[in-house]
Amino acid sequence: MRIRATVAAVSGALALSALVVPAAQADVHASGGDSAYRATVAKILGTGGRTAFITSPVAAAAPYELNVSFSDFKVAKSINAGAGGHLVVPVTYTLTHGTEVDIEASDFDSGPYLYKGTFAQPENVIFGEKAGTCTATSTTTASCKANLDIYPGEGELTNTDAGARWTAGGVAIAFNGQDPESGSFDPSKVGIAQLGDLGTTTVRRVAKLTVNATPEPVKKGKTITVTGKLTRANWDGPNYTGYATQPVQLQFRKNGASTYTVVKTIKTTTKGDLKTTVKATADGFFRYVFAGTATTVGASAAADFIDVK
């Protein structure tokens with residue numbers, strides 16, 4: 004069972020907690036499987052950290068501050084997401100911990116996440132389905148790698164998320180043998196560490212571009228009509244919709260040549276359509292090229308060959 008990570012800016016970090024699967028519907032123990040890890044992290048992030056397990060029949064105390072920190076966080080500068088599917092984003096980070104923290108314990112997990120907005124009041128959060136895997140480099144440090152898992156077609160992203168600054172964070176939890184679903188669960192024996200401002204990235208919408216040059220074949224000196232369409236991922240759909248009034252280059256490569264030259268630049272219509280005319284001069288390839296914007300990745304159409312007689 005997956006947990007939707009999208010949140011609305013209603014009550015800050017607490018907004019995410021309303022979307023977390025209740026304990027009766029999902030195993031939230033960290034060592035209970037992939038969905039369990041996701042549910043646990045969603046609960047921690049949704050309640051602002053150590054207050055995630057503050058309710059317990061045994062103790063009202065919150066988990067203690069785990070002696071763990073994160074550094075050297077590396078993620079792509081831009082994450083490009085289509086309208087659907089499963090996007091896996093690799094991340095690496097360094098984990099530093101006290102000698103009393105057993106990072107090899109079966110119920111110890113750590114992992115990265117991204118948040119849009121502030122650390123205390125995130126508007127949206129992206130994290131992984133599995134905990135990171137760490138290899139000790141000393142008695143107090145480890146080199147770790149993990150994945151962020153994004154499902155754009157399932158409501159985890161909205162169009163307003165595109166181009167915004169996303170900040171990296173890290174979370175670690177040591178259950179120390181405690182089971183959150185047990186009647187004897189004592190949250191004061193659970194350690195949680197959470198750190199933000201580890202780096203930044205952006206999430207952008209993937210674009211698609213087509214081209215069609217007609218007629219073909221065509222006599223030299225006659226008019227060629229070049230049509231196409233620029234679309235981009237619509238995360239609110241989810242589907243691909245036309246990208247309006249965007250500058251797009253028409254480029255041509257003569258048959259046998261290795262480089263393209265710019266013929267002209269035109270703008271898409273309100274529906275993302277492209278249409279222009281040129282004179283036939285020689286056999287070659289036409290393509291449309293879109294440079295991209297702050298919210299949308301650039302795209303290049305697969306070249307269309309024109310036979311000039």
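Numbering (the working numbering), first residue to last: 4 to 312. Ideal placement from N, C-alpha and C gives every residue a C-beta, glycine not left out.
Going by DSSP, which residues form a beta bridge with residue i?
| i | result |
| --- | --- |
| W169 | K119, T204 |
| Y291 | L253 |
| Q197 | V174 |
| Y67 | G194 |
| K270 | P250 |
| S303 | V292 |
| R235 | A210, T244 |
| A145 | L98, A139 |
| T150 | Here the sequence assigns Asn to residue 150, which means Thr is not the residue at that position. Answer is P93, bridged to N150. |
| K77 | T95 |
| I227 | V281 |
| V265 | Q254 |
| S109 | DSSP output for S109 lists no bridge partner at all. |
Looking at the secondary structure, which residues open and close the beta strand (DSSP E) in which residue i lies?
| i | result |
| --- | --- |
| P190 | Unbroken run through P190: none, as it is neither H nor E. |
| L212 | 210-217 |
| F308 | 307-309 |
| Y96 | 90-100 |
| V128 | 125-130 |
| T279 | 276-282 |
| S81 | 81-84 |
| K222 | Counting along the chain, K222 falls outside any beta strand (DSSP E), and DSSP gives it neither H nor E. |
Should residue i and residue j be called a contact, given that it needs their Cβ atoms to be closer than 8 Å?
| i | j | result |
| --- | --- | --- |
| G287 | F255 | yes |
| A304 | T244 | no |
| R235 | T299 | yes |
| K282 | G224 | yes |
| D310 | E219 | yes |
| K148 | G131 | no |
| F73 | G194 | no |
| A79 | A177 | no |
| Q249 | F289 | no |
| T314 | T97 | The structure shown has nothing for residue 314, since the chain only spans 4 to 312. |
| W238 | T296 | no |
| T204 | L117 | yes |
| A45 | V206 | no |
For residue i, which of the options has the nearest alpha-carbon?
| i | options | result |
| --- | --- | --- |
| A65 | P183, G131, F293 | P183 |
| V67 | Q252, A196, T204, V292 | Going by the sequence as given, residue 67 is Tyr instead of Val. Nearest C-alpha to Y67: A196. |
| S141 | T271, D105, G114, V251 | D105 |
| A260 | T272, A285, N179 | A285 |
| Y40 | Y246, F188, F111, L117 | F111 |
| G202 | S81, V71, L48, Q252 | S81 |
| K267 | K274, V251, N258 | V251 |
| A171 | P93, T279, G85 | P93 |
| V209 | L198, S187, Y246, K270 | Y246 |
| A192 | T280, T271, G180 | A small correction: the amino acid at residue 192 is Lys; Ala does not occupy that position in the sequence shown. Among T280, T271, G180, the Cα nearest to that of K192 belongs to G180. |
| I47 | S146, G158, G114, T217 | G114 |
| G158 | A175, I129, K133, S146 | I129 |
| S146 | D200, T272, D75, V265 | D75 |
| L233 | T272, K133, N258 | T272 |
| T121 | K274, A175, D200 | D200 |
Any heavy atom of the ligand COA closer than 7 Å to the CB of residue i?
| i | result |
| --- | --- |
| E103 | The ligand content of the structure shown is nil, which means the ligand COA is not present either. |
Only counting the same chain, and skipping five residues up and downstream in sequence, which positions put a Cβ closer than 7 Å to that of residue i?
| i | result |
| --- | --- |
| K119 | P125, E126, N127, D164, A167, W169 |
| V91 | N150, D152 |
| G87 | P155, G156, P241 |
| G231 | L212, T213, V214, N215, L277, Y291, A304 |
| F308 | F288 |
| G15 | The predicted model places G15 with a pLDDT of 30, which falls under 50 and marks its position as unreliable, so this point remains unresolved. |
| I269 | V251, L253, L277, T279 |
| H100 | N70, V71, I106, T143 |
| L198 | S72, F73, G172, G173 |
Looking only at its chain, what residues have a beta carbon closer than 8 Å to the beta carbon of residue i, apart from the 5 residues adjacent to it on each side?
| i | result |
| --- | --- |
| K222 | A283, V311, K312 |
| H89 | D152, I153, Y154 |
| T280 | T226, I227, T228, V229 |
| A306 | V214, R256, F288, F289, R290 |
| V265 | Q252, L253, Q254 |
| N258 | A285, D286, G287, F288, F308 |
Please return the same chain residues whose Cβ sits closer than 6 Å to the Cβ of residue i, not counting the five positions on each side in sequence.
| i | result |
| --- | --- |
| Y263 | Q254, R256 |
| T95 | K77, K148 |
| T217 | T228 |
| K274 | G245 |
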